[in-house]
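Visitor: In the order they appear, the protein sequences are chains A, B, C and D.
The UniProt record's numbering applies: residue 1 is where the first sequence begins, and numbers increase by one.
The UniProt record's numbering applies: residue 1 is where the second sequence begins, and numbers increase by one.
The UniProt record's numbering applies: residue 1 is where the third sequence begins, and numbers increase by one.
The UniProt record's numbering applies: residue 1 is where the fourth sequence begins, and numbers increase by one.
Protein chains: 4
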Amino acid sequence: MTTSGVSEDESVTLDLLKKKMAEFAKERDWDQFHSPRNLLLALVGEVGELSEIFQWKGEVPKGLPDWKDEEKEHLGEELSDVLLYLVRLSDICGIDLGKAALRKVGLNAIKYPASKIQSQPNDDHNVNN
Amino acid sequence: MTTSGVSEDESVTLDLLKKKMAEFAKERDWDQFHSPRNLLLALVGEVGELSEIFQWKGEVPKGLPDWKDEEKEHLGEELSDVLLYLVRLSDICGIDLGKAALRKVGLNAIKYPASKIQSQPNDDHNVNN
Amino acid sequence: MTTSGVSEDESVTLDLLKKKMAEFAKERDWDQFHSPRNLLLALVGEVGELSEIFQWKGEVPKGLPDWKDEEKEHLGEELSDVLLYLVRLSDICGIDLGKAALRKVGLNAIKYPASKIQSQPNDDHNVNN
Amino acid sequence: MTTSGVSEDESVTLDLLKKKMAEFAKERDWDQFHSPRNLLLALVGEVGELSEIFQWKGEVPKGLPDWKDEEKEHLGEELSDVLLYLVRLSDICGIDLGKAALRKVGLNAIKYPASKIQSQPNDDHNVNN
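1) Roughly how many whole angstroms lie between the Cα atoms of GLY106 of chain A and GLY94 of chain A?
2) Along the chain, where does the alpha helix (DSSP H) containing PRO61 of chain C start, and where does it finish?
3) Would you list, in chain order, the members of the stretch 54-78 of chain D that have their beta-carbon closer than 9 angstroms to a beta-carbon of chain A?
4) Please work out which residues of its chain come closer than 8 angstroms, Cβ to Cβ, to GLY98 of chain C, disregarding the five sequence neighbours upstream and downstream, and give them in chain order.
5) Given a cut-off of 8 angstroms on the beta-carbon distance, is the pair LEU89 of chain D and PHE54 of chain A in contact?
6) Output the distance between the C-alpha atoms of ARG28 of chain A and GLY45 of chain C, rounded to the nearest integer angstrom.
7) Runs of 4 residues minimum, wholly inside the stretch 23-93 of chain A: which ones carry the alpha helix (DSSP H) assignment?
8) Identify the contact partners of GLU49 of chain D in chain E, using a Cβ-Cβ distance below 8 angstroms as the criterion.
9) Using a Cβ-Cβ distance cut-off of 8 angstroms, determine whether ALA114 of chain D contacts chain A.
10) Using only the alpha-carbon positions, how far apart do TRP67 of chain B and TYR112 of chain D sit?
11) In or out: GLU78 of chain B buried (at least 16 other Cβ within 10 Å) or exposed?
12) Whole angstroms are fine: how far does the CA of ALA22 of chain C sit from the CA of LYS57 of chain D?
13) Measure the C-alpha to C-alpha separation of PRO36 of chain D and LEU50 of chain C and round it to an integer number of angstroms.
14) Let's see if you can read the secondary structure: which residues bound the alpha helix (DSSP H) around VAL105 of chain A?
15) Closer than 9 angstroms by beta-carbon distance: list the chain A residues that pair up with ARG103 of chain C, in chain order.
16) Counting only beta-carbon separations shorter than 8 angstroms, does PHE33 of chain B have a partner in chain C?
17) What is the rounded straight-line gap between the Cα of GLU59 of chain A and the Cα of GLU52 of chain A?
18) Going along the chain, which residues of its own chain have a beta-carbon closer than 8 angstroms to the beta-carbon of HIS34 of chain A, five neighbours each way excluded?
19) Could you tell me whether the Cβ atoms of SER80 of chain C and LYS104 of chain D are closer together than 8 angstroms?
20) Going by alpha carbons, who is nearest to GLY76 of chain D out of D:VAL47, D:ALA100, D:SER115, D:PRO61?
What follows is the structure, encoded as structure tokens:
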């Protein structure tokens with residue numbers, strides 16, 4: 001909890017992360033490397049690291065009940081790396097990621113009406129096509 | 001701008017997206033499909049679709065000045081798909097993504113002190129290793 | 001079986017696929033689009049399509065006993081797409097993929113001596129690091 | 001050149017790599033870890049490592065004229081890692097990769113007749129969709 005009484009995670013906005021990433025790059029003179037395709041490939045690299053965590057585990061139950069604290073911490077870091085590059089890529093492309101995400105949730109709701117869909121989301125019924 | 005005077009994107013928190021994704025799955029009885037590795041592979045699928053947008057374009061300048069509105073809209077949708085599955089995967093794994101991301105930004109700042117780093121972030125100096 | 005008595009798949013060399021991809025691009029004047037990073041992103045796109053096949057299935061047994069013929073055919077196409085772009089990327093980068101692969105198998109055998117390794121290949125004991 | 005007078009890379013078949021990977025796993029008792037989705041995630045991990053090589057480089061010319069020998073060697077290893085897991089994944093799924101790849105080249109030739117296609121392979125004209 002912060003001093004404002006709001007739990008920290010609830011207050012983490014995509015805009016805050018965007019600003020932090022922009023400052024981080026500026027302070028290190030890294031803007032020169034942050035082109036769209038450079039950032040996209042960096043994102044793919046992080047998705048690879050995320051996948052490596054899960055690669056030899058077989059099916060993993062929700063909540064990761066058998067994982068050690070250090071494994072969960074590592075997972076949190078890789079998930080974050082993907083997020084941070086995604087936020088930065090969106091910013092560099094001039095895309096408002098938060099706005100786009102809310103819009104996409106709305107589009108998905110139209111595409112998959114709750115009252116009609118109860119089956120498996122397959123290739124034809126993919127929520128995020 | 002919303003009636004509160006806060007622009008919509010500034011108020012989009014990771015927690016809000018997490019709740020929307022959880023509701024969406026629940027309303028469609030899709031929780032049964034949202035295992036960690038299913039969601040991870042869905043995320044990889046969306047990263048693939050994001051990459052396809054950039055695949056034949058050669059280097060792309062920041063801000064995508066030459067892209068049509070519909071191309072930017074499509075890009076926003078694919079960026080969102082990656083984000084939404086990332087948020088959902090984190091939730092299903094019991095990881096607080098916003099908290100983890102802020103922590104990772106802090107770790108990166110320690111690993112790459114602004115006063116010392118001015119060179120290219122390569123394999124050894126990778127901000128998000 | 002071909003008339004030579006050698007089954008077709010046994011005779012499919014990486015060099016043959018390289019030549020076929022080079023001809024294919026030349027005949028369509030596509031060499032101009034086949035830069036290393038364009039091909040890499042195309043490869044990532046195909047890996048995404050491959051992942052989509054497996055994304056909602058949960059754990060899948062070896063040999064895919066329950067898959068329909070058309071599903072296996074689709075899988076074969078996506079595996080092939082990844083292979084074909086990998087072969088083309090290697091060629092455009094001036095890398096002899098067959099030679100590199102044999103060398104890597106040898107390096108792996110040194111890194112993981114058969115007599116000593118019986119445990120799970122984890123992050124530290126990863127055969128293909 | 002081998003003693004047979006055939007250059008080594010020309011004789012590297014997908015079938016040879018399949019056999020080598022199968023032996024490698026058997027000798028280390030790793031068959032138990034080589035399920036389809038485990039191998040797929042391992043493949044994604046290697047694609048990530050491949051992408052990391054290219055991530056901060058901007059556009060890269062064909063043939064990689066400015067790359068050091070050790071960089072090209074590293075690239076060859078990562079390309080090989082992707083190939084080896086792809087070969088292994090295909091084998092475990094019961095897919096004849098060489099046969100499937102030749103078939104896919106044929107399908108692509110039908111989809112994109114050489115006489116008609118001279119434009120950029122975009123989302124609609126994607127050689128490997």
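All C-beta atoms, glycine included, are put in the ideal place defined by N, C-alpha and C.
Bear in mind that the values here come from a model prediction, so they are computed numbers and not experimental data.
Guide: Reading off the structure:
1) Taking the straight line joining both Cα atoms gives about 21 angstroms.
2) Element bounds for PRO61 of chain C: n/a, residue is neither H nor E.
3) Listed by position, the residues of the stretch 54-78 of chain D near chain A (Cβ gap below 9 angstroms) are PHE54, GLN55, TRP56, LYS57, GLY58, GLU59.
4) Closer than 8 angstroms at Cβ, skipping near neighbours: THR13, LEU14, ASP15.
5) Not closer than 8 angstroms, so no.
6) ARG28 of chain A and GLY45 of chain C: Cα-Cα distance of roughly 31 angstroms.
7) Here the runs fully enclosed are 36-54, 69-93.
8) Checking the listed chains, one finds no chain E in this structure; the protein chains it contains are A, B, C and D.
9) Under the Cβ criterion of 8 angstroms, ALA114 of chain D is not counted among the residues facing chain A.
10) So the alpha carbons of these two residues sit roughly 26 angstroms apart.
11) Around the beta carbon of GLU78 of chain B, 16 or more other beta carbons lie within 10 angstroms, which makes this residue buried.
12) Straight through space, the alpha carbons of ALA22 of chain C and LYS57 of chain D are spaced by roughly 25 angstroms.
13) Taken atom to atom, the span from the alpha-carbon of PRO36 of chain D to that of LEU50 of chain C is near 12 angstroms.
14) For VAL105 of chain A, the uninterrupted alpha helix (DSSP H) segment begins and ends at 97-111.
15) The premise fails here: ARG103 of chain C is roughly 22 angstroms from chain A at the closest Cβ pair, so nothing lies under 9 angstroms.
16) For PHE33 of chain B, the answer is yes, since a Cβ of chain C falls inside 8 angstroms of its Cβ.
17) It is roughly 14 angstroms from the alpha-carbon of GLU59 of chain A to the alpha-carbon of GLU52 of chain A.
18) The residues ALA25, ARG88, ILE92, in chain order, have a CB closer than 8 angstroms to that of HIS34 of chain A in the same chain once the five nearest residues on each side in sequence are set aside.
19) Taking 8 angstroms as the cut-off, the beta carbon of SER80 of chain C is found closer than this to the beta carbon of LYS104 of chain D.
20) Among D:VAL47, D:ALA100, D:SER115, D:PRO61, the Cα nearest to that of GLY76 of chain D is on D:VAL47.
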